[in-house]
Amino acid sequence: EKNIITVEDPVEYQLSGLTQVQINKKAGLNFSNALRSFLRQDPDVIMVGEMRDLETAEIAIEAALTGHLVLSTLHTNDACSATMRLADMGVEPFLIAATVVGVLAQRLARRICTNCKEPYTASAEELMKFGFSADNLNEEVTLWKGKGCDICRGSGYKGRLGIYELMTMNNEIAELVVRRAPLADIKDAAKANGMKEMKEDGLAKILSGQTTPDEVRRVVFTAGGG
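Every position in the sequence shown, counted from 1, becomes a number in my numbering once 38 is added.
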C-alpha cells in the first residue's frame, strides 16, 4: 500500500487512504517545514499544495531526487512556463531537468447546459476570429450553445470542464532547460514531443459540443494561454 502524504492550505476535501496535513502559520507549520518532516516518514508520494518559495521548491526537488513522486502546483500561463518559473525562483536548471517528469496546465471552462443545448452553424472564418486555425475545418461547422433555461438560470451553461495542456519531459527539452533556452524553443520541442496546446484542446471541446468558442476565448486566449 502506498504511503501518500499531502500538505495543503487549506485541506478542501478529506480523502481516505492518505495523510493530509494543513498549513498552520500561527503554529509555524508552513510548506517547507512540513515537507522536511514528510521525508522522515518514508513516503511514496508527496503532494505539495503550492510551490510558493525557493525553500519549498528545493526540498521538493530533494525528495524527487531520492525517489519520491512529488506533485505540486505553480501559477504560470502554460505548461512550458513552469520550468522557467522554477528557474526564476532560483532552482538550478540542471535540477529542474533532472526531476520534472511532466507539467499539466489547466483552465476551467463552463460546460454547455445539456437541457437547453442546441446546434447552430458557424463558419470557419468565425472560428479563425477566435484564434483557431482553419486547417482541417470545413467551410461551415456545426457547433453548440445553450439557449438558456430554468436549470441553468438562463446562462446556457451548467457545470465546468477542464481544458488541458500536457508537457512531458524528454532529453531535448531537458537540454533546453539546462541551457536556459527561450520559452519559444521549449514550446517547439514540447509540441514536437506530442504536446497539444490549450487552444487545440479547447477547439476539440468546441467541436465535440462540450463548450462554446466564447468560453474558450475567455479562459484561454484572454488569460494568457494562447
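Note that the Cβ used here is the ideal one computed from N, Cα and C, for glycine as well.
Bear in mind that the values here come from a model prediction, so they are computed numbers and not experimental data.
- DSSP assignment within the region 43-114 yields the following whole alpha helix (DSSP H) runs of 4 residues or more, N-terminal first: 69-77 and 92-103.
- Taken atom to atom, the span from the alpha-carbon of Asp-80 to that of Arg-74 is near 11 Å.
- Unbroken alpha helix (DSSP H) runs of no fewer than 4 residues, entirely contained in the region 169-252, are found at 209-216, 221-230 and 236-245, following chain order.
- If you compare the alpha carbons of Leu-221, Phe-259, Ile-99 and Ala-222 with that of Asp-239, the shortest gap goes to Phe-259.
- The Cβ atoms of Ser-70 and Ile-42 do not sit closer than 7 Å to each other.
- Judged by DSSP secondary structure, Thr-137 falls within the alpha helix (DSSP H) whose first and last residues are 131-137.
- Counting C-beta pairs closer than 8 Å gives three or more between the region 123-133 and the region 213-229, which meets the contact rule.
- Contact between Leu-142 and Leu-204 holds, since their C-beta atoms are separated by about 5 Å, short of 8 Å.
- For Glu-39, the three-state secondary structure derived from DSSP is coil.
- Separation of Lys-40 and Asp-82 (C-alpha to C-alpha, rounded to the nearest whole angstrom) is 6 Å.
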